[in-house]
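The structure appears right after this line, and notes come after that.
Numbering (our numbering), first residue to last: 9 to 218.
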């Protein structure tokens, strides 16, 4: 049968293509209205856009009630979100570039996400990350920032070697401070001031001044 959109939408004994309207969904299938009749139909594998109630669709009527929805022709409510259903695992392949360019927002909701790339680049105006646990592994990290503010309940660092170069001032305020050095501790400055409100104690096997 050759599809003719001007032909009356009546199946009768004809097999082929017809205009139909989605009546309702029944499990993994749909009920469609064709010429006043209600027929069951399944979504064809090539029809990725999920039909909704009231949508005008292209129906393929086959033997033994094997009816398939080939395409959604018109949406009953064009403003509603469009749902694309893939029956199994899917791979979107392109030999060149692939660009996703929504004008408003891009959301990703999944149980697990993986990104594998030789290089990655992101240019984002604002990043907000909320997570229960964050673990990073890197051979080398280089960070450049004009200002860093961090509020941490507890900080534990285990380093093999540490070097810090402060060009201008550095200030540390704490309730108690304890420095434990196993070998040699050296303090060098042009002028050194040690002030205590109550007591200064220097204890050692040998104390040399001057």
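Even glycine gets a Cβ: it sits at the ideal position worked out from N, Cα and C.
Check: When DSSP builds the beta bridges, which residues end up paired with residue 46?
Finding: 41
query: Quick one: what's residue 24 bridged to in DSSP?
result: The partner list for residue 24 (beta bridge, DSSP) reads 69.
Quiz prompt | Residue range of the beta strand (DSSP E) that includes residue 79 | solution = For residue 79, the enclosing beta strand (DSSP E) begins and ends at 76-82.
*Beta-carbon separation (whole angstroms), residue 59 vs residue 77, contact threshold 8 Å*: That belief holds up - the Cβ atoms of residue 59 and residue 77 are roughly 6 Å apart, short of 8 Å.
Where residue 101 falls: helix, strand or coil (DSSP): coil
Got a sec? Which residues, its chain only, sit under 7 Å from residue 37 by beta carbon, not counting five neighbours each side?
Hits under 7 Å: 48, 49, 50.
- If we count the other Cβ atoms within 10 Å of its Cβ and call it buried at 16 or more, is residue 75 buried or exposed? With 16 or more other Cβ atoms within 10 Å, it is buried.
3 or more residues per run - each beta strand (DSSP E) lying fully within the segment 107-161: none
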